[in-house]
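Worksheet: one structure, shown below.
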Amino acid sequence: MMNQLEALTRDNPVNAFKRLFDELDPLLHERGRLAIVSALAAAPRLTFTELRDALGMTDGNLSVHLQKLEEKGYLAIDKQFIGRRPQTSCQLTRAGRQAFTNYLDHLEIIVQQGRGRNRA
Amino acid sequence: MDPRQAAHTLEVIRTLMERTCQYRLLTAGASLAAGTLAILGAVAFCILDAGDPVSFASVWGFVFASSLTGSFVGTLLRGREVGERVWTRQTRMVLLALAPSLAAAAALTLFFFVRGEHLWLPGVWMLCYGQGSLATSAYAPAGIRWLGGAMLGLGALTLALGTGWAIVMMAVAFGAGHLLLGFALLSEERRERAVRLYRSVA
Numbered sequence: 018m019m020n021q022l023e024a025l026t027r028d029n030p031v032n033a034f035k036r037l038f039d040e041l042d043p044l045l046h047e048r049g050r051l052a053i054v055s056a057l058a059a060a061p062r063l064t065f066t067e068l069r070d071a072l073g074m075t076d077g078n079l080s081v082h083l084q085k086l087e088e089k090g091y092l093a094i095d096k097q098f099i100g101r102r103p104q105t106s107c108q109l110t111r112a113g114r115q116a117f118t119n120y121l122d123h124l125e126i127i128v129q130q131g132r133g134r135n136r137a
Numbered sequence: 004m005d006p007r008q009a010a011h012t013l014e015v016i017r018t019l020m021e022r023t024c025q026y027r028l029l030t031a032g033a034s035l036a037a038g039t040l041a042i043l044g045a046v047a048f049c050i051l052d053a054g055d056p057v058s059f060a061s062v063w064g065f066v067f068a069s070s071l072t073g074s075f076v077g078t079l080l081r082g083r084e085v086g087e088r089v090w091t092r093q094t095r096m097v098l099l100a101l102a103p104s105l106a107a108a109a110a111l112t113l114f115f116f117v118r119g120e121h122l123w124l125p126g127v128w129m130l131c132y133g134q135g136s137l138a139t140s141a142y143a144p145a146g147i148r149w150l151g152g153a154m155l156g157l158g159a160l161t162l163a164l165g166t167g168w169a170i171v172m173m174a175v176a177f178g179a180g181h182l183l184l185g186f187a188l189l190s191e192e193r194r195e196r197a198v199r200l201y202r203s204v205a
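See below:
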């Protein structure tokens, strides 16, 4: 992934930023969804409440983002009862983890490109 | 997206990931208070006899209980200050990681008191404390890892030096160690406050 993108930016230095930006996963590029995926990348599984409290989101906002991520196959949502209380927990799927890694790689390259430009 | 934005986004992601798995409610105030109490406890033995089990248990029991209360109150206040809940997954993980060391320390304390060899306890406590600190290192700030490693070394040294050095080593390890940790946390808290102020102004 890294090599492919580095090659891309080497071959087309003028349009490199635009092309890299175009390649950023639009689903992850949204602030709220990126925050959710970042939090889940650091913990194997988080409950809806833990995510809501960690990210300071409203229930409705978080639900919408979770649904979108689940539809894309980035998240697995598990609903179960703990005693008599319903509990929703989420974890990243392999596809979600891969998409997050790719997103980080893209950002890294954009940062490195910027550093290269500044040096030049 | 320009490189500066990308770097900022990476920084935010890193913070979010740390926030998810790190226990962030340790307070500088509680650590400084624990360090001061430990030093005062050691100083008390200029008057009291460390060889007397009652004096030894009273002084260090008071220091332990007061430090624990200070940590509890500090955590509650810090949680309120940063607007975070105290009883979180990270708190449970930290307590779970600490439990074996606390249980071992309690059992060994009882064992050495029953045998009348309580002056060996400072070294034992340091080893347990060091082990507990390192067990929480996956969820705790870097300062705790340093403190844990140092405590293991100091615990071994205390046992090697013998019972004559027990009280001095308590002042060094639990006193100076907590003061150093407190100052490290203090600078971290100031940095966080500056960032929050910057964000609120920006």
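From first to last, the protein sequence lines stand for chains S and E.
Note that the working numbering numbers the first sequence so that position 82 is 99, with each residue one more than the last.
Note that the working numbering numbers the second sequence so that position 192 is 195, with each residue one more than the last.
Glycine residues also receive a C-beta, built at the ideal position from the N, C-alpha and C atoms.
Between E/PRO144 and S/ILE127, the gap from beta carbon to beta carbon reaches 8 Å or more. Around the CB of E/ARG92, 16 or more other CB atoms lie within 10 Å, so the residue is classed as buried. Interface criterion not met: the Cβ of E/ASP52 is under 8 Å from no Cβ in chain S. Under the Cβ criterion (8 Å, minimum of three pairs), the stretch 180-196 of chain E counts as touching the stretch 150-162 of chain E. Close partners of E/LEU13 in chain S (Cβ separation under 9 Å): LEU121, LEU124, GLU125 and VAL128. If you ignore the 5 residues before and after E/ILE42, its C-beta comes within less than 6 Å of the C-beta of ALA174 and GLY178, all in its own chain and listed in chain order. In this structure, S/ARG114 lies away from S/ALA52, with their beta-carbon atoms at least 8 Å apart.
Interface annotation, E/ALA159: not in contact with chain S, CB-CB separation never under 8 Å. Per DSSP, the unbroken beta strand (DSSP E) holding S/ALA93 starts and ends at 92-99. Using a CB distance cut-off of 8 Å, E/THR78 does not count as an interface residue toward chain S. Ranked by Cα distance from E/SER34, the first of E/ALA108, E/ARG81, E/VAL89 and E/LEU13 is E/ARG81. Residues of chain S whose Cβ lies closer than 8 Å to the Cβ of E/MET20 are, in chain order, SER55, ALA56, ALA58 and ALA59. For E/PRO125, DSSP records no beta bridge to any residue. By the 16-neighbour rule on beta-carbons within 10 angstroms, E/LEU113 is exposed.
Contact residues of the stretch 68-85 of chain S toward chain E are ASP70 and ALA71 (C-beta to C-beta distance below 7 Å). With a contact defined as Cβ atoms closer than 8 Å, E/ALA36 and E/SER70 qualify at about 7 Å. For a Cβ distance threshold of 7 Å, residue set LEU19 of chain E lies close to S/ALA52, ordered along the chain.
In the DSSP annotation of this structure, S/THR105 is not part of any alpha helix (DSSP H); the continuous beta strand (DSSP E) holding it starts and ends at 102-109. Against chain S, the CB of E/ALA145 has no partner CB under 8 Å away; the residue lies outside that interface. Taking a Cβ-Cβ threshold of 9 Å, none of the residues of chain S is close to E/ALA141; the smallest such distance is about 11 Å.
Note that the C-beta distance between S/LEU109 and S/LEU92 is below 8 Å. E/LEU155 sits in a helix when the DSSP states are folded into three classes.
Assigned with DSSP and collapsed to three states, S/THR64 falls in strand. Bounds of the alpha helix (DSSP H) holding S/ASP76 are 76-88. Residue range 92-117 is occupied by the alpha helix (DSSP H) that includes E/LEU105. Around the beta-carbon of S/GLN97, fewer than 16 other beta-carbon atoms lie within 10 Å, marking it exposed. Contact check for E/THR139 and E/ALA106: beta-carbon distance about 15 Å, past the 8 Å limit, so the pair fails to qualify.
In the assembly as shown, E/CYS131 is a buried residue. Its beta-carbon has 16 or more other beta-carbons within 10 Å. Around the beta carbon of E/PRO125, 16 or more other beta carbons lie within 10 angstroms, which makes this residue buried. Counting every other CB atom within 10 Å of its CB across the protein chains shown gives E/VAL66 a total of 16 or more, marking it as buried.
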